[in-house]
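Residue numbers (the numbering used here), protein chains in the order written: chain G, 1 to 264; chain A, 1 to 154. Backbone N, C-alpha and C fix where the C-beta goes; we use that ideal spot for every residue, glycine too.
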């Protein structure tokens, strides 16, 4: 289907993008793999699409004790780039997202700000304690991924703000992480996805696909899953999702512990 | 609302009239007459419109024509060289990689991307790469065999 009429503008730098986004009903487009499908369905009808895909917000860099991932870095790039030990969950998750064509264009920043409640990578970023740098005309603010995700397709990002950095702390030595999911066979989105980080400081687990936003499980995972607010739909009942969450958390934790021991 | 963009299609610079909303697949088919990129769905799922953008397989129904400005685009029409079919095209003929042929351009271009990164992929890798290309006739076995024949890991 053909999207509703819209205008197109290509941003030359972040300031230019922020200025263009000041227009009513303007929408930033990066890889377009979330936005264009909803434009084709005419669920989204931006008056102006601001193309940020040629900005220099791409690439992966290790600085001090964190890995900085440019928000325009694609899933393909994340799937094939070596990351410091302990961050195995990132390429593992990236390899399974969407399909090859989507991974070639889809970006980590675009996915996170789209805030699909069943998207995979936000769970990984939550388990790893990632933070985002956000630019606006007022400067840069930093926030945790959990503070960005407010609800399905809803974030705390302002209309004239752009994510400019995804900052993932490098876990301490002897840590490992993993992502396990069961996908809807047609859409590829997670019915349930679980990300786990295991290391000397303890274990963190986050779930996606089961509620309004991906979230971190507090305390003992089994108890937290029992008490969590989990929704059901025509594809998977609440009971099934809860059961599956327990299984996938165990799988993700087992693999994270193996990665921590140095197994590939 | 109409603008022009310059695309590099199969090695040639082409100028095409587009709107802001024009999808690359429509620019290729309606603007340039390159109808090898097929439209099999409305929802970015079938992969029949796959083309190579700077060598990487993308669904041309999920890229704005404006976004492709100045980029190298390869469609199925550009794969044969001097009248000789590309090895993948020959393999699809030899190994019964197609029946109705509707999904074939997308299958072949996705396979070309896969083989550019992994010269002899396993069957699992081939099937993983084809996740975004739907075939409703062959059941994929012939397609996997065609790609394996070129990949040389058979």
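Go ahead and pull the three-state DSSP assignment for residue i.
i, result
"residue 48(A)", "coil"
"residue 126(G)", "helix"
"residue 195(G)", "strand"
"residue 140(A)", "coil"
"residue 111(G)", "helix"
"residue 183(G)", "strand"
"residue 189(G)", "coil"
"residue 96(A)", "coil"
"residue 25(A)", "helix"
"residue 122(A)", "coil"
"residue 162(G)", "strand"
"residue 156(G)", "coil"
"residue 266(G)", "Missing from the structure shown is residue 266(G); chain G here goes from 1 to 264 and no further."
"residue 87(G)", "coil"
"residue 259(G)", "helix"
"residue 30(G)", "coil"
"residue 69(G)", "strand"
"residue 7(G)", "strand"
"residue 158(A)", "The displayed coordinates of chain A run from 1 to 154. Any statement about residue 158(A) would go beyond what the structure contains."
"residue 207(G)", "strand"
"residue 147(G)", "helix"
"residue 18(A)", "strand"
"residue 176(G)", "strand"
"residue 95(G)", "helix"
"residue 5(A)", "strand"
"residue 38(A)", "coil"
"residue 217(G)", "coil"
"residue 13(G)", "coil"
Below 8 Å on the Cβ atoms is my contact criterion, and I expect residue i with residue j to pass it. Report the Cβ-Cβ distance as a whole number of Å.
i, j, result
"residue 18(G)", "residue 137(G)", "6 Å"
"residue 10(A)", "residue 75(A)", "6 Å"
"residue 72(A)", "residue 84(A)", "Their Cβ separation, rounded to whole angstroms, is 21 Å, which puts residue 72(A) and residue 84(A) out of contact at 8 Å."
"residue 73(G)", "residue 107(G)", "6 Å"
"residue 29(G)", "residue 51(G)", "5 Å"
"residue 123(G)", "residue 194(G)", "7 Å"
"residue 259(G)", "residue 33(G)", "Their Cβ separation, rounded to whole angstroms, is 28 Å, which puts residue 259(G) and residue 33(G) out of contact at 8 Å."
Since residue i meets chain G, which of its residues come closer than 9 Å, beta carbon to beta carbon?
i, result
"residue 36(A)", "Here the premise fails: no neighbours, minimum Cβ distance about 16 Å."
"residue 74(A)", "Those within 9 Å of residue 74(A) in chain G number zero; the least Cβ separation is about 13 Å."
"residue 129(A)", "99 and 100"
"residue 104(A)", "Simply none; closest approach about 16 Å."
When burial is assigned at 16 or more other CB atoms within 10 Å of the CB, is residue i buried or exposed?
i, result
"residue 46(A)", "buried"
"residue 135(G)", "buried"
"residue 124(A)", "exposed"
"residue 90(G)", "buried"
"residue 121(A)", "buried"
"residue 255(G)", "buried"
"residue 99(G)", "buried"
"residue 133(A)", "buried"
"residue 154(A)", "The predicted position of residue 154(A) is uncertain, since its pLDDT is 44 and thus under 50; no value can be drawn from it."
"residue 48(A)", "buried"
"residue 43(A)", "exposed"
"residue 46(G)", "buried"
Can you name the residues of chain A whose CB is closer than 8 Å to the CB of residue i?
i, result
"residue 32(G)", "62, 63, 64 and 67"
"residue 37(G)", "43, 44 and 62"
"residue 4(G)", "21"
Against residue i, what residues of chain G qualify as contacts under a CB-to-CB distance less than 8 Å, listed in chain order?
i, result
"residue 57(A)", "100, 101 and 104"
"residue 47(A)", "99 and 101"
"residue 50(A)", "101"
"residue 132(A)", "98, 99, 100, 101 and 102"
"residue 110(A)", "100 and 101"
I'd like to know if residue i contacts chain B, where contact means its C-beta is closer than 8 Å to some C-beta of that chain.
i, result
"residue 7(G)", "As a matter of chain content, chain B is missing from the structure shown, whose protein chains are G and A."
Taking C-beta pairs closer than 9 Å, name the residues in chain A that residue i reaches, listed in chain order.
i, result
"residue 214(G)", "None at all; the shortest Cβ gap to chain A is about 22 Å."
"residue 111(G)", "What residue 111(G) touches in chain A: nothing, since even the nearest Cβ is about 14 Å away."
I want to verify the contact list: residues of chain G whose CB lies under 7 Å from the CB of residue i, in sequence order.
i, result
"residue 42(A)", "1 and 40"
"residue 113(A)", "100"
Residues of chain A with CB under 7 Å from residue i, in chain order?
i, result
"residue 236(G)", "Residues of chain A passing the Cβ test: none, with the nearest at roughly 20 Å."
"residue 119(G)", "Ordered by position in chain A, no residue passes the 7 Å Cβ test against residue 119(G), which lies about 15 Å from the chain."
With hydrogens ignored, establish whether the beta-carbon of residue i is closer than 7 Å to any heavy atom of the ligand SAH.
i, result
"residue 156(G)", "Absence of the ligand SAH from the depicted structure is noted, as is the absence of any ligand whatsoever, leaving it without description."
Any 3 or more C-beta pairs closer than 8 Å across the segment 137 to 148 of chain G and the segment 108 to 124 of chain G: Judged by Cβ distances under 8 Å, the segment 137 to 148 of chain G makes contact with the segment 108 to 124 of chain G, as three or more pairs qualify.
Three or more C-beta pairs under 8 Å: does that hold for the segment 227 to 247 of chain G against the segment 158 to 165 of chain G? no
Touch test, the segment 87 to 100 of chain A against the segment 33 to 43 of chain A, Cβ-Cβ under 8 Å, three pairs minimum: Too few Cβ pairs lie closer than 8 Å, so no.
Contact between the segment 214 to 225 of chain G and the segment 237 to 252 of chain G is defined here as three or more beta-carbon pairs at a separation below 8 Å; is this criterion met? yes
Would you say the segment 13 to 20 of chain A touches the segment 62 to 74 of chain G, given that touching needs at least three Cβ pairs under 8 Å? no
Take every Cβ of the segment 197 to 209 of chain G, pair it with every Cβ of the segment 176 to 186 of chain G, and state whether three or more of those distances are shorter than 8 Å. yes
So, does the segment 117 to 129 of chain G touch the segment 211 to 222 of chain G, judging by three or more C-beta pairs under 8 Å? In short, these stretches touch, since the Cβ pair count reaches three.
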